[in-house]
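First comes the structure, then the notes that go with it.
In the numbering used here, the protein residues as written are 4 to 308.
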């Protein structure tokens with residue numbers, strides 16, 4: 004039985020690995036700083052205590068957790084000759100990736116629903132998007148992420164691994180690990196596509212339809228807040244495309260390409276969590292104002308101290 008897996012990583016070139024080490028250290032530092040800054044800003048500013056920013060803070064927390072599953076291991080492995088991960092560690096990565104990924108999927112849907120109610124049914128917004136409803140949605144997001152990750156782990160935990168143990172990536176994920184099993188995995192591949200793939204594609208189509216309805220509502224019923232709403236929606240739609248684009252190709256595309264899969268894996272686990280805080284802060288005046296207030300408050304506090 005296989006007790007550990009060998010991760011082949013992104014490249015065998017020493018010069019390229021040094022460059023990637025510096026690059027991903029900078030990206031991961033930006034992920035930690037940017038997402039924690041959003042969480043702290045939303046929590047500390049009473050003007051941001053609304054459903055939209057509550058979901059944004061939870062999205063930042065999920066992004067930080069999702070990247071932390073793979074990025075630290077990848078960074079340390081750049082200077083390791085043998086990039087090894089234990090069997091249990093590999094299963095833990097699969098579980099956590101789908102746990103946080105499933106939770107983020109639901110939170111993105113919740114953010115679209117929040118904008119739909121705010122723009123299409125503004126008079127009922129405070130009634131529908133109450134504090135209890137928002138907390139319940141976030142709790143449901145974590146619960147659905149947990150159930151999804153358990154269902155994914157069930158595919159791999161009982162598979163017989165007795166021969167090849169090289170994972171052609173920098174982290175363990177179900178589609179790659181299944182191919183190493185000492186059995187016919189055709190049915191399992193179909194089940195993974197039916198589970199993660201169909202769920203991802205269905206959620207993406209649902210979000211596109213929702214944002215289309217919202218944009219049509221703004222177009223046919225313009226108001227003084229239309230420009231602000233369009234700016235917020237453009238940020239939301241950009242994040243949705245960044246998240247779902249790689250997921251669809253990784254889990255729903257039946258003809259994988261190794262080089263493309265590696266690029267999309269990097270994009271999904273590192274680049275997207277890095278870009279999300281930038282997109283939301285640059286496109287949102289309230290966030291920029293709150294961050295300026297927070298920085299000034301910290302400066303004044305340090306001076307008084």
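The beta-carbon is built from N, C-alpha and C at its ideal position, and this holds for glycine as well.
- Using a C-beta cut-off of 8 Å, the region 124-142 makes no contact with the region 85-104, since fewer than three inter-stretch Cβ pairs fall below that distance.
- Excluding its 5 nearest sequence neighbours in each direction, residue 98 has C-beta neighbours in its own chain below 6 Å: 152, 156, listed in chain order.
- Comparing alpha carbon positions, the residue from 245, 291, 263 closest to residue 271 is 245.
- Taking a cut-off of 8 Å for Cβ pairs, the region 77-87 and the region 277-292 do not touch, as fewer than three such pairs fall below it.
- Distance from the CA atom of residue 113 to the CA atom of residue 266, rounded to whole angstroms, is 28 Å.
- Distance check between residue 138 and each of 57, 233, 9 places 57 closest, using alpha-carbon atoms only.
- The Cβ-Cβ distance between residue 221 and residue 122 falls below 8 Å.
- For residue 71, there is no enclosing beta strand (DSSP E); the enclosing alpha helix (DSSP H) covers residues 54-80.
- Excluding its 5 nearest sequence neighbours in each direction, residue 120 has C-beta neighbours in its own chain below 8 Å: 127, 128, 131, 132, listed in chain order.
- According to DSSP, residue 8 shares a beta bridge with 88.
- Distance check between residue 10 and each of 236, 107, 169 places 169 closest, using alpha-carbon atoms only.
- When C-beta atoms of the region 95-110 are compared with those of the region 165-179, three or more pairs fall below 8 Å, so the two segments count as touching.
- With fewer than 16 neighbouring CB atoms inside 10 Å of its own CB, residue 25 falls in the exposed class.
- Ranked by Cα distance from residue 6, the first of 232, 194, 236, 184 is 184.
- Rounded to the nearest angstrom, the Cβ distance from residue 247 to residue 203 is 6 Å, consistent with a contact under 8 Å.
- Straight-line spacing of the CA atoms in residue 219 and residue 20 works out to 47 Å.
- For a cut-off of 8 Å, the C-beta gap from residue 68 to residue 41 is around 14 Å, too long to register as a contact.
- The beta-carbon distance between residue 173 and residue 80, rounded to whole angstroms, is 7 Å. This is short enough to meet the 8 Å contact definition.
- Judged by their CB atoms, residue 46 and residue 60 are nearer to each other than the 8 Å cut-off.
- Around the beta-carbon of residue 22, fewer than 16 other beta-carbon atoms lie within 10 Å, marking it exposed.
- Closest in alpha carbon position to residue 195, among 235, 209, 250, 210, is 250.
- Measuring C-alpha to C-alpha distances from residue 162 to each of 134, 148, 192, 143 identifies 192 as the nearest.
- The beta carbon of residue 140 is closer than 6 Å to those of 113 in its chain, skipping five residues each way along the sequence.
- Boundaries of the alpha helix (DSSP H) harbouring residue 17: 17-47, taken from the DSSP string.
- Boundaries of the alpha helix (DSSP H) around residue 148: 134-160.
- Under the 10 Å beta carbon count, residue 118 is surrounded by 16 or more other beta carbons and is classified as buried.
- Residue pairing by DSSP places residue 170 opposite 10 in a beta bridge.
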